[in-house]
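Have a look at the structure below, then the notes.
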Amino acid sequence: VVAPSGKSFQLQRHDSEVFVIDRPTLDRLLADRARSAGASYMFSTYVTEVQAEADSVAVQSESQDDVRVHRAQLVVLACGFGSSLPARLGLGRIDDFIIGAQAEVEVNGGEMEIYLDAGLAPGSFAWLVPTSRGKGLAGLMTRYQPRQRLKGLLHWLEAQGKIVSAECRQGYGAIPLRPLTTTFASRVLVVGEAAGQVKPLTGGGIYYGALCADIAAEVIDMALARGDFAEQALACYQQMWRHQLGKELRFGYLLYRLYQRMSNREIEWAHSLAARCGIADFVRRAEPAYFDYHSRAASGMMKYFTCSLLSGRFARGHQG
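Below, the structure written as structure tokens:
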């Protein structure tokens, strides 16, 4: 973890805690499993309208010059962030978001690096993650000029000798920072990034989305068993996922807002304090669940740091 000055400390665990996922391969795997369970896909097709009716829900789709209407008992909107469908169904819209910018690069090192620097990634952080065979991912999250910021990061990494070239394939995407106000309606559930079920501090959405998908499946099973798809019958979906993740989303957003306001001088101070209080030792001993539940991590970290301060035992950490 690298501070604005270039000072760093290293975080390690005995077991693998984080994996870099090949997202296209994951999507294909999930698609194959869905097909084997009876699902069918319509490619190059866009849903333009969803209308709940008394005995079914009508979904209008468009593909080239073909317009069709499909009917079902219930619709799950898992359309990602940015779709207009939730708002058109009266479920609100998410206006608070950040842009993720990432490039596929050739790397010269073998360790993941996180850069805390308001100059590189204003309001968030940047990263360099080796994947395999000299390849890696370099990126950042920011609200401000993501293309220019990514270009600056890549040139900086090239000048540092950490990547081979700043000329590489790039991608951009919006990431919601707050959940949707309402994630259910008559015959409709909203899941994943479309619902804002994303970690505000890191932008990760796969784990939270999978948890909420399981909850949605449970609620759908109950609705099918009762034959009741009314709004009141589906309201338990939001109650269940908010019970499990609501605290984490609120706390993560609070941490994000606090960090967003920090200057490089304040980031440097916090980085130095964390190193002196033994964050490396805390991470090495911490529960695995801390990675996905930031409120637990923060609570455990504060207790650990407080004990370190009161006892006068400061772990210097590795300063690079």
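Every position in the sequence shown, counted from 1, becomes a number in this note's numbering once 13 is added.
All C-beta atoms, glycine included, are put in the ideal place defined by N, C-alpha and C.
In this text, all values refer to a predicted model and were calculated from it rather than measured experimentally.
Residue i vs residue j beta-carbon contact at 8 Å
i, j, result
"PHE94", "ALA179", "no"
"ALA131", "SER276", "yes"
"GLU281", "ALA16", "yes"
"GLN73", "THR58", "no"
"VAL82", "ALA71", "yes"
"LEU24", "ALA288", "no"
Own chain residues within Cβ distance below 8 Å of residue i, not counting five before or after
i, result
"LEU150", "VAL33, GLN115, ALA116, GLU117, VAL118, TRP140, LEU141, VAL142, THR144"
"VAL232", "LEU202, LEU247, CYS249, TYR250, MET253"
"GLU206", "GLY93, PHE94, ILE188, PRO189, GLY218, GLY222"
"ALA100", "ARG106"
Residue i in three-state terms, based on DSSP
i, result
"GLY152", "strand"
"GLU244", "helix"
"GLN332", "Low confidence applies here, because GLN332 scores a pLDDT of 43, under 50, leaving its location unreliable and the question unanswered by this model."
"CYS92", "coil"
"TYR59", "strand"
"CYS249", "helix"
"ALA229", "helix"
"ALA52", "coil"
Closest residue to residue i among the options (Cα-Cα distance)
i, options, result
"ARG162", "ILE112, ARG255, SER21, SER97", "ILE112"
"GLY147", "TYR128, ILE127, GLY122", "GLY122"
"TYR266", "TYR221, ALA226, PRO192, ARG289", "PRO192"
"ARG200", "ALA50, SER29, GLU66, TYR157", "GLU66"
"LYS260", "ALA311, ARG182, GLY291", "ALA311"
"TYR128", "LYS175, ALA91, ARG101", "LYS175"
"ASP40", "CYS225, ILE219, SER21, GLY103", "ILE219"
"LEU170", "ALA198, VAL211, LEU133", "LEU133"
"PRO213", "ARG255, ARG263, ARG297, CYS181", "ARG263"
"GLN64", "MET125, VAL89, THR38, LEU102", "LEU102"
"MET125", "PRO37, VAL211, PHE22, ARG106", "PHE22"
"PHE335", "VAL82, LYS316, ALA238", "The requested residue 335 does not occur in the structure, where the chain is confined to residues 14 to 333."
"THR194", "THR215, TYR185, ARG255", "ARG255"
"ARG298", "ALA229, MET314, ALA283", "MET314"
"ASP79", "ALA85, LEU98, MET55", "MET55"
The ligand MG heavy atom lying under 7 Å from the CB of residue i
i, result
"GLU231", "Because no ligand of any kind appears in the structure shown, any question about the ligand MG cannot be addressed here."
Same chain, Cβ closer than 6 Å to residue i, five either side skipped, listed in chain order
i, result
"ARG156", "ILE111, GLY136"
"ALA226", "VAL204"
"ARG329", "Unreliable placement is indicated for ARG329, whose pLDDT of 45 sits below 50; the coordinate value is still reported in the next sentence. Excluding residues within five positions, none has a Cβ falling inside 6 Å."
Residues of its chain near residue i, where Cβ-Cβ distance is below 7 Å and the 5 sequence neighbours each way are ignored
i, result
"ALA236", "LEU87, PHE242, ALA246, LEU247"
Discussion item. As an exercise, report each continuous beta strand (DSSP E) stretch of at least 3 residues that is fully enclosed by the stretch 111–152, in chain order.
Written reply: If we require 3 residues or more, the beta strand (DSSP E) runs fully inside the stretch 111–152 come out as 126–128, 139–143.
Worksheet item: Which runs of the beta strand (DSSP E) spanning at least 3 residues fall entirely within the stretch 142–220, listed in chain order?
Response: Restricting attention to beta strand (DSSP E) runs no shorter than 3 residues, the stretch 142–220 encloses them at 148–155, 183–189, 201–203, ordered along the chain.
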